[in-house]
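**Student:** Take this structure, written in structure tokens, and hold onto it; I'll ask about it next.
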Amino acid sequence: MRNREEKASSGIQASSFTCGICLEPKPSCQKFEHTNNYFAHEFCMSCVTRHIQAKLEGNISTINCPELTCDQTLDPVDCQAMIPPRLFIQWCDCLCRSVVSGSEKCYCPYMDCSEMILNECYETVKRCLCPGCKRLFCYACRVPWHAGYWCSESHQARDFTETRFGFLLETMNWTRCPGCGQPVERISGCRDVMCRDDILSNVFDVISLN
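Numbering (full-length UniProt numbering), first residue to last: 1 to 210.
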């Protein structure tokens, strides 16, 4: 009789656990287990849901494990099946906002598009193709692409001929002298070029300027 009672008691203990947050016994079906490199931390789903919700209400997208001694973070994908769908969506939205706010961004300058573009590589970008409308624009000065012209000239009015000439400069891979602005073509030889039209006889690296 005693052995039967001990087996029943051990069976109940095996099918339950103690939540590390509320410290109450819970059935195993309500267990949320987060494992780091060394230990498994056991919490009930209700406590973890409240933990995540409290962090998101504070606009915190990177959520640590509820265990105070653990420095690991919770993965939204791992938690998806254990938290309400609305909370998962809220978490994903919060993560997206944190990425956008921490990245350099601009908006497509075309009035009928205004797509937001992120510079996720944190590099100096000029010629950029909008992923929305598939048109070229200058990321640096936020205007439609000024082929053949510098950013300092991007806001100057140009007629059709000047615009077409700019595209010709770009297509032919010509370089403009930084002193006088005249186009220069390098066929062969040294990278350093001396402009004949520049009064100061400006010498420049024809490749680096491209």
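For each residue, glycine too, the CB sits at the ideal point set by N, CA and C.
Whole beta strand (DSSP E) runs in the segment 17-48 with 3 or more residues, listed along the chain?
**Tutor:** Fully enclosed beta strand (DSSP E) runs of 3 or longer: 25-27, 31-35, 40-44.
**Student:** By DSSP's criteria, leucine 136 is part of a beta bridge. Which residues make up the other side?
**Tutor:** Sequence index remark: in the sequence shown, residue 136 carries index 136 (1-based). Leu129.
**Student:** Are the beta-carbon atoms belonging to leucine 169 and arginine 176 less than 9 Å from one another?
**Tutor:** The residue given as residue 169 occupies position 169 in the sequence shown. The residue given as residue 176 occupies position 176 in the sequence shown. In this structure, arginine 176 lies closer than 9 Å to leucine 169 by Cβ.
**Student:** Between the alpha carbons of proline 178 and glutamate 185, how many angstroms are there, rounded?
**Tutor:** Counting from one through the sequence shown, the residue named residue 178 turns up at place 178. Counting from one through the sequence shown, the residue named residue 185 turns up at place 185. Each residue's Cα considered, the two are about 14 Å apart.
**Student:** Smallest Cα separation from cysteine 128: which of Trp145, Lys55, Asn64, Val99?
**Tutor:** The residue you call residue 128 lines up with position 128 of the sequence shown. Out of Trp145, Lys55, Asn64, Val99, Trp145 has the C-alpha closest to the C-alpha of cysteine 128.
**Student:** Per DSSP, lysine 105 forms a beta bridge with which residues?
**Tutor:** One-based indexing of the sequence shown puts residue 105 at position 105. Answer is Leu118, bridged to lysine 105.
**Student:** Between the beta-carbon of cysteine 108 and the beta-carbon of serine 101, is there less than 9 Å?
**Tutor:** For the purposes of this step, residue 108 is taken as the residue at position 108 of the sequence shown. For the purposes of this step, residue 101 is taken as the residue at position 101 of the sequence shown. No, these two residues do not count as a Cβ contact at 9 Å.
**Student:** Straight-line CA distance for isoleucine 21 to isoleucine 83?
**Tutor:** As a first step, residue 21 is located in the sequence shown; it is residue number 21 there, counting from the start. As a first step, residue 83 is located in the sequence shown; it is residue number 83 there, counting from the start. C-alpha separation (whole angstroms): 16 Å.
**Student:** Would you list the residues sitting across from valine 143 in a DSSP beta bridge?
**Tutor:** Along the sequence shown, read from residue 1 onward, the residue named residue 143 stands at position 143. Per DSSP, Cys138.
**Student:** Can you tell me whether phenylalanine 43 is buried or exposed, with buried defined as 16 or more other CB within 10 angstroms of its CB?
**Tutor:** Sequence index remark: in the sequence shown, residue 43 carries index 43 (1-based). Buried.
**Student:** Where do the N-terminal and C-terminal ends of the alpha helix (DSSP H) with glutamate 78 fall, by residue?
**Tutor:** In the sequence shown, the residue the question calls residue 78 occupies position 78. According to the sequence provided, residue 78 is aspartate. The question's glutamate does not apply to it. Run containing aspartate 78: 76-79, per the alpha helix (DSSP H) assignment.
**Student:** For cysteine 195 and proline 131, I'd like the C-alpha separation in whole angstroms.
**Tutor:** Working through the sequence shown from its first residue, we reach residue 195 at position 195. Working through the sequence shown from its first residue, we reach residue 131 at position 131. The alpha-carbon atoms of cysteine 195 and proline 131 are separated by roughly 38 Å.
**Student:** Does DSSP put aspartate 71 in a helix, in a strand, or in coil?
**Tutor:** Numbered from 1 along the sequence shown, position 71 holds the residue referred to as residue 71. In the structure shown, aspartate 71 sits in coil (DSSP, three-state: anything other than H, G, I, E or B).
**Student:** Quick check on proline 183: does DSSP put it in helix, strand or coil?
**Tutor:** Stepping through the sequence shown from its first residue, residue 183 is reached at position 183. In the structure shown, proline 183 sits in a strand (DSSP, three-state: E or B).
**Student:** With burial defined as no fewer than 16 other Cβ atoms inside 10 Å of the residue's Cβ, what is the status of lysine 26: buried or exposed?
**Tutor:** For this step, residue 26 is matched to residue 26 along the sequence shown. That one is buried.
**Student:** Excluding sequence positions up to five away, which residues of its chain have a Cβ less than 6 Å from the Cβ of serine 15?
**Tutor:** As a first step, residue 15 is located in the sequence shown; it is residue number 15 there, counting from the start. If we look at serine 15 and ignore the five residues flanking it on each side, its Cβ neighbours are Ser28.
**Student:** Is it true that the CB of isoleucine 52 sits closer than 9 Å to the CB of leucine 87?
**Tutor:** The residue given as residue 87 occupies position 87 in the sequence shown. The residue given as residue 52 occupies position 52 in the sequence shown. Closer than 9 Å, so yes.
**Student:** If you draw a straight line from the C-alpha of aspartate 93 to the C-alpha of glutamine 30, how long is it?
**Tutor:** By one-based count along the sequence shown, residue 93 stands at place 93. By one-based count along the sequence shown, residue 30 stands at place 30. C-alpha separation (whole angstroms): 26 Å.
**Student:** According to DSSP, is methionine 194 part of a helix, a strand, or is it coil?
**Tutor:** By 1-based counting over the sequence shown, the position of residue 194 is 194. Correct three-state label for methionine 194: strand.
**Student:** Can you tell me the Cα-Cα spacing of cysteine 193 and alanine 147, whole angstroms?
**Tutor:** For this step, residue 193 is matched to residue 193 along the sequence shown. For this step, residue 147 is matched to residue 147 along the sequence shown. With the sequence shown as reference, residue 193 is identified as valine, and cysteine is not the correct amino acid for it. Rounded to the nearest angstrom, the two C-alpha atoms are 22 Å apart.
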